[in-house]
Structure formats: structure tokens, C-alpha cells
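One structure is given here, and the rest of the page talks about it.
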Amino acid sequence: MKKITDNVYVESEISVCNSSFVVTKEGVVVIDTPMVPANAKKWAKEAAKFGPIRYVINTEPHGDHISGNCYFGGTLIAHEGTRDAILASKVDDIKGMLQMMSPGTPLDKDFRYRPPDITLSERLTFYLGDHTFHLTNMPGHSPHQVAVHVPEERIVFTSDNISRGMPFFRQALPDKWLKTLKNLEKLDVDHVVPGHGDVGDKSCFAEMYKTVTIWIDAVKEAIAKGMTLAEAQQKVTMAKQFPNLPRDERTAGIIRMNVERLYELFKK
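If you count by our numbering, then the sequence shown holds residues -3 to 264, one letter each, in order.
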């Protein structure tokens, strides 16, 4: 767990995504919950040391951000699309993800998918103690991404619209993603908490804009050359653009998935 400001803590070691909490005078606000049950319970216990958990926010609909919800108290807030995704989820979904992300990890008998109590479509603001929480739908990584801006701490939690590793495009809206990154750049913040990777500063926005653009351009180039989807998936390996990417089967599968999504969007 890293202390980012006097009142903000981020955990990236025990969670597949970054899980965070903000401490206020009237309780704690948790942002995203760990996927592995044991880690979710540990994070809930850690957060509760600083006060009662009043709110939990899911910044996106994907399992690594929402699966630990049932182990936290408080009022749960998310985008309405995230609520729909949670209600449609099946226990087999998380079993598969656990085996992929944390092989050999059993699913607790007390696990359940917990949907949000409150949803937003575009914006929502709430106040707790001396803190303000601005929640804004910022589509990109998925249509249902939510950025959480806490001006008193000069911090924004971006979900996977910022990822310090390889981005996932499975549900992405790439053109809107680029627009979102420009809008995020307008925020007056010092700290940027990404969905994955180290906490950074505002340089994260330009860094991510460049990354998304490189992916878009690579697939558009394959389309311009007349490649079929299968050919594009074979040829577009991103090895030249991102030489430090792992070269294992899981990474190769994600690259093929990304290429497929972008090909489908840009092939006219």
C-alpha cells in the first residue's frame, strides 16, 4: 500500500488493478475492489482501519475492478452500464478470470456479484466530510468508464483509460478514448491513479494518448494494405512499437484481441 497524499492510499501489489481509498472526516471512500477474494477481504479490513467505509465506487465494468464488491460495506456507486454488466455476470466468469490471473486460487463460498446501489449516466457529485467526489463518464477503454476527481487531494482516478502497461481494446471506443484523454488533461491535478501501474502525474495523459494512437495507426495501416483480419492478427505483433512487451502466449492473445476489435471498428 502506498500513501499518495495525506488522505489517499493506493494498493497495486495484492490487486489485479489498482484499488484505492480516500479518507475523509466522515469515513472512507473505496475506489475499485480487488478481484481475488482473499485480497478483497484484506483491503476492506485495511480501509476500515481509517474509519467506516461509507462509499465504494466502481470505475468500470470489468471483473478485476468489481469482483470484490461483496466484501465491502457502504453504498456502491457505478455507471449504469457497469450495473448492467454486473447483473449479467455469472460465477463461472470470475472462476475463469481467477485461473488466468491467479492460477490455483479458489473462489470463496460467500462470493456473490454485488451490483451498485446508485448509478450515473454522465455525472454525479457527492460530498463527504471536507471532500468532494466528482464522478464523470469518460468513455474509452469501455463505454462505461468513470473518472473520479477529488479536487481537495489534487488527484484523479482514471480507471483503465490510463494503463501503464498494455491497453485492452476489447470493448474500447478508440476515438472517444483519445477525446477523453484530452479532457482529462484539462483537470487541475498533481496525481493520476491509473487502472494499472504506478501512480503518475499529468504526463500520463500524453503518454497514453500516444499509446492508443500507435495501436490505431498500426491496425489502420494493415487495413490500408488490404490485409484480412487473420492476416492483420498475424502481422501486427506490436514488437517494433513496444519492444518491451512480454512475448508469451497470454500477451499474444491480448494483441490478437486488440487487433480484432480495432479492425472491426475501422474496416469500412
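Note that the Cβ used here is the ideal one computed from N, Cα and C, for glycine as well.
Since the model is a prediction, treat every value here as computed from it, not as a measurement.
What residue range does the alpha helix (DSSP H) around residue i cover?
| i | result |
| --- | --- |
| residue 258 | 245 to 262 |
| residue 35 | 33 to 44 |
| residue 90 | 87 to 97 |
| residue 64 | Careful: residue 64 lies outside any alpha helix (DSSP H) and carries neither H nor E. |
Which first and last residues belong to the beta strand (DSSP E) in which residue i is found?
| i | result |
| --- | --- |
| residue 143 | 142 to 146 |
| residue 222 | Segment: none, residue 222 is in no beta strand (DSSP E) and carries neither H nor E. |
List the DSSP bridge partners of residue i.
| i | result |
| --- | --- |
| residue 7 | 15 |
| residue 266 | As shown, the chain starts at -3 and ends at 264. That puts residue 266 outside it, with no answer to give. |
| residue 130 | 121 and 145 |
| residue 51 | 25 and 71 |
| residue 114 | 73 |
| residue 151 | 146 and 187 |
| residue 159 | 192 |
| residue 20 | 23 |
| residue -1 | 5 |
Assuming residue i and residue j are in contact, meaning their beta carbons sit under 8 Å apart, how far apart are those beta carbons, in whole angstroms?
| i | j | result |
| --- | --- | --- |
| residue 18 | residue 149 | 7 Å |
| residue 83 | residue 91 | Rounded, the Cβ-Cβ distance is 18 Å, inconsistent with contact. |
| residue 31 | residue 63 | 4 Å |
| residue 181 | residue 201 | 4 Å |
| residue 125 | residue 173 | Not confirmed; about 33 Å, so no contact. |
| residue 251 | residue 223 | About 15 Å; that fails the 8 Å criterion. |
| residue 70 | residue 51 | 5 Å |
| residue 107 | residue 33 | 6 Å |
| residue 160 | residue 194 | 6 Å |
| residue 130 | residue 145 | 4 Å |
| residue 115 | residue 79 | 5 Å |
| residue 40 | residue 67 | 5 Å |
Using a beta-carbon distance below 8 Å, is residue i in contact with chain D?
| i | result |
| --- | --- |
| residue 120 | Annotation note: the requested chain D is absent from the structure, which comprises a single protein chain. |
Validate contact between the region 41 to 58 and the region 131 to 146 using beta carbons, cut 8 Å, 3 pairs: yes
Which runs of the beta strand (DSSP E) at least 3 residues long sit entirely within the region 177 to 203? Give them in chain order. 187 to 192
Could you tell me whether the region 150 to 161 touches the region 181 to 193, using the rule of 3 or more Cβ pairs below 8 Å? yes
Counting Cβ pairs, one atom from each stretch, are 3 or more of them under 8 Å apart for the region 211 to 224 and the region 246 to 262? yes
Does the region 29 to 45 touch the region 117 to 133, meaning 3 or more C-beta pairs lie closer than 8 Å? no
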